[in-house]
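Asks: Dropping a structure here in structure tokens format, bear with me for questions.
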Amino acid sequence: MSNPNTSSSGESHGSVSSYLIGFVLAVILTVLSFGVVMSHSLAPTGTLAALSVLALVQVLVHLHYFLHMGSGSEARWNNIAFVFTVAFVSILIVGTVFIMANTSINMMSR
Amino acid sequence: MAQNTTVPTAGHDEHHHENTVVFGFWVYLMTDCIIFGSLFATFAVLRNQFNGGPTPHELFEFGGLGLETALLLLSSITYGFGMIAAHKTQISQVILWLGVTFLLGLGFVGLEVREFAHMIADGAGPDRSAFLSAFFTLVSTHGLHVTCGLIWIVTLMVQLMGTTEIPERMMNKLTCLSLFWHFLDIVWICVFTYVYLASMI
Chain A
1 MSNPNTSSSG ESHGSVSSYL IGFVLAVILT VLSFGVVMSH SLAPTGTLAA LSVLALVQVL
61 VHLHYFLHMG SGSEARWNNI AFVFTVAFVS ILIVGTVFIM ANTSINMMSR
Chain B
1001 MAQNTTVPTA GHDEHHHENT VVFGFWVYLM TDCIIFGSLF ATFAVLRNQF NGGPTPHELF
1061 EFGGLGLETA LLLLSSITYG FGMIAAHKTQ ISQVILWLGV TFLLGLGFVG LEVREFAHMI
1121 ADGAGPDRSA FLSAFFTLVS THGLHVTCGL IWIVTLMVQL MGTTEIPERM MNKLTCLSLF
1181 WHFLDIVWIC VFTYVYLASM I
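As you go down the protein sequences, you meet chains A and B in turn.
Every letter in the first sequence is one number past the one before it in the numbering used here, and letter 78, counting from 1, is 78.
Every letter in the second sequence is one number past the one before it in the numbering used here, and letter 183, counting from 1, is 1183.
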């Protein structure tokens, strides 16, 4: 606490400008997501791909500017826990969708 | 001898103890992430099982979704301003920003409850189809988290009132709530992208 630049937990906390940059980026990405769907300018597959990319970028923007995830040595365990969770959730979602789609094809339910 | 070896590290342990409060909360958020991941996986499997009931095109509208998203996004930056004020020990500013964040969050929950009430009144409740069961489970789990966040915000506002400084313990509470609030915003990005927008293509 004696050092005003780092918080007690060792992680950096943002400044007004970094929060504003994050906010503006988030607004632009959100508006683009809505715009892509509302304008019907792309084919359905293209729209879904664009949505996924925009969502991924916005999640990264939020993680960096709002949750202040960094690469400092203090943040090491936070990052390890995060990477494990991302891997776990990816396997969970992709695996579920894959297996259920397969089941559904084999049982000729669609 | 044992005493001698523990004394020099005491200050060091103290320092790490503060780290573990926020890190412990981070680990909780990661487990919460797995809950949401399971619900997203469930929704992904059931998203086309309408059972002859209403489809997303009939149920969802851009206006309400945009307003909900705007409120949550704004509340993220107002909480951030509150954290900046907290690091400068400007307590009245912290309470003010927490209050603004609370109102924005309350607006979000209010809109969501109104949306759910309309859907249920129109016969599109969670019992109508597998799609709607998955939809209500996922979106209301997020809404419930936001509601808990609102209660937490009020609690911290009350605890901050009348104080002149922010001790370490209080700062940890504010930091944990900050992580929680921004985490919910990230979950909402996935909700509006994959639950709403992807169904409205």
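Ideal Cβ positions, reconstructed from N, Cα and C, are used throughout, including at glycine.
Bear in mind that the values here come from a model prediction, so they are computed numbers and not experimental data.
Mind checking whether residue 1177/B and residue 1201/B have CB atoms under 8 Å apart?
Replies: No, the pair does not count as a contact, with Cβ atoms beyond the cut-off.
Asks: If the cut is a Cβ gap below 9 Å, which residues of chain A does residue 1127/B touch?
Replies: Within chain A, no residue comes near residue 1127/B; the closest Cβ sits about 21 Å away, beyond 9 Å.
Asks: Give a yes or no on whether the minimum CB-CB distance between residue 27/A and chain B is below 8 Å.
Replies: So yes, residue 27/A belongs to the interface.
Asks: Look up residue 1049/B in the DSSP assignment and say whether it is helix, strand or coil.
Replies: Here residue 1049/B sits in coil by DSSP.
Asks: Cβ of residue 1034/B within 8 Å of Cβ of residue 85/A?
Replies: Yes, they are a contact pair.
Asks: In whole angstroms, what separates the C-alpha of residue 88/A from that of residue 1038/B?
Replies: Using only the alpha carbons, I get a separation of about 10 Å.
Asks: Looking at residue 1175/B: is its Cβ nearer than 8 Å to the Cβ of residue 1027/B?
Replies: No, the Cβ-Cβ distance between residue 1175/B and residue 1027/B is not below 8 Å.
Asks: DSSP three-state call for residue 1005/B: helix, strand or coil?
Replies: Unreliable placement is indicated for residue 1005/B, whose pLDDT of 42 sits below 50; the coordinate value is still reported in the next sentence. The answer is helix: DSSP assigns residue 1005/B an H, G or I state.
Asks: Could you name the residues of chain A that residue 1122/B contacts, counting a contact when the two beta carbons are closer than 8 Å?
Replies: Correct list: empty, because the minimum Cβ distance to chain A is about 23 Å.
Asks: Nearest to residue 1172/B by alpha carbon, out of 1156/B, 1127/B, 1163/B and 1048/B?
Replies: Cα-wise, what sits closest to residue 1172/B is 1156/B.
Asks: Do you know offhand how far residue 7/A's Cα is from residue 13/A's?
Replies: Interpretation of residue 7/A is limited by its pLDDT of 43, a score under 50 that renders its predicted location unreliable; the figure taken from the coordinates is listed afterwards. Cα to Cα, residue 7/A sits roughly 7 Å from residue 13/A.
Asks: If we require 4 or more residues per run, which alpha helix (DSSP H) segments fall completely within the segment 1076 to 1145 of chain B?
Replies: Whole alpha helix (DSSP H) segments, 4+ residues: 1091 to 1121.
Asks: Taking the alpha carbon of residue 1079/B as the point to measure from, which residue in 1058/B, 1046/B and 1105/B has its own alpha carbon closest?
Replies: Of the candidates 1058/B, 1046/B and 1105/B, the one whose C-alpha sits nearest the C-alpha of residue 1079/B is 1105/B.
Asks: Could you tell me whether the segment 1098 to 1114 of chain B touches the segment 46 to 63 of chain A, where touching means 3 or more Cβ pairs closer than 8 Å?
Replies: Touching, no, given that fewer than three Cβ pairs across the two stretches are closer than 8 Å.
Asks: Using a C-beta to C-beta distance shorter than 8 Å, which residues of chain B count as neighbours of residue 14/A?
Replies: Per Cβ cutoff of 8 Å: 1080, 1083 and 1084.
Asks: Would residue 1029/B pass as a contact of residue 1183/B if the rule is Cβ separation under 8 Å?
Replies: Yes; because the gap between Cβ atoms is below 8 Å, this pair is in contact.
Asks: So, under 8 Å CB-CB, residue 1044/B and residue 93/A are touching, yes? Tell me the CB distance rounded to an integer number of Å.
Replies: Contact flag correct, Cβ pair sits at about 7 Å.
Asks: Is it true that the CB of residue 45/A sits closer than 8 Å to the CB of residue 36/A?
Replies: Taking 8 Å as the Cβ cut-off, residue 36/A and residue 45/A do not qualify as a contacting pair.
Asks: List the residues of chain A whose Cβ lies closer than 8 Å to the Cβ of residue 1038/B, in chain order.
Replies: Under the 8 Å cutoff, chain A gives 92.
Asks: For residue 1020/B, which of 33/A, 78/A and 39/A has the nearest alpha-carbon?
Replies: That would be 78/A, whose Cα lies nearest to the Cα of residue 1020/B.
Asks: Using a 10 Å radius around the Cβ and a threshold of 16 neighbouring Cβ atoms, would you call residue 107/A buried or exposed?
Replies: With fewer than 16 Cβ atoms within 10 Å of its Cβ, residue 107/A is classed as exposed.
Asks: Is the beta carbon of residue 1140/B sitting closer than 8 Å to the one on residue 1049/B?
Replies: No, the pair does not count as a contact, with Cβ atoms beyond the cut-off.
Asks: Can you confirm whether residue 108/A, when its beta carbon is compared against all beta carbons of chain B, has any partner nearer than 8 Å?
Replies: It does not: the Cβ of residue 108/A has no partner Cβ on chain B nearer than 8 Å.
Asks: Cβ atoms of residue 1196/B and residue 1065/B: under 8 Å apart, would you say?
Replies: Yes. Within cutoff.
Asks: Does residue 1057/B pass the burial test, meaning 16 or more other C-beta atoms within 10 Å, or should it be called exposed?
Replies: Counting Cβ neighbours within 10 Å, residue 1057/B comes out exposed, since fewer than 16 surround it.
Asks: What in chain B is Cβ-close to residue 23/A, meaning under 9 Å?
Replies: Within chain B, the residues near residue 23/A are 1073, 1074, 1076, 1077 and 1080.
Asks: Quick check: is the beta carbon of residue 1057/B nearer than 8 Å to any beta carbon in chain A?
Replies: It does not; no Cβ of chain A falls within 8 Å.
Asks: For residue 1186/B, is the classification buried or exposed, using 16 other Cβ atoms within 10 angstroms of its Cβ as the cut-off for buried?
Replies: The residue in question, residue 1186/B, is buried, as its Cβ has 16 or more Cβ neighbours within 10 Å.
Asks: Would DSSP call residue 1055/B helix, strand or coil?
Replies: Reduced to three states, the DSSP call for residue 1055/B is coil.
Asks: Assign residue 1017/B to one of two classes, buried (16 or more other C-beta atoms within 10 Å of its C-beta) or exposed (fewer than that).
Replies: Only weak support is given to the placement of residue 1017/B: the predicted model assigns it a pLDDT of 48, under 50, and the value that follows is read from those uncertain coordinates. The residue is exposed, with fewer than 16 neighbouring Cβ atoms inside 10 Å.
Asks: Against residue 1062/B, what residues of chain A qualify as contacts under a CB-to-CB distance less than 7 Å, listed in chain order?
Replies: Going along chain A in sequence order, the residues near residue 1062/B (Cβ under 7 Å) are 34 and 38.
Asks: Would you call the CB atoms of residue 1075/B and residue 1055/B closer than 8 Å?
Replies: No, these two residues do not count as a Cβ contact at 8 Å.
Asks: Check the Cβ-Cβ distances between residue 1152/B and every residue of chain A, and say whether any is below 8 Å.
Replies: It does not; no Cβ of chain A falls within 8 Å.
Asks: Short check: CB of residue 34/A to CB of residue 1077/B, under 8 Å?
Replies: Going by C-beta atoms, residue 34/A is not nearer than 8 Å to residue 1077/B.
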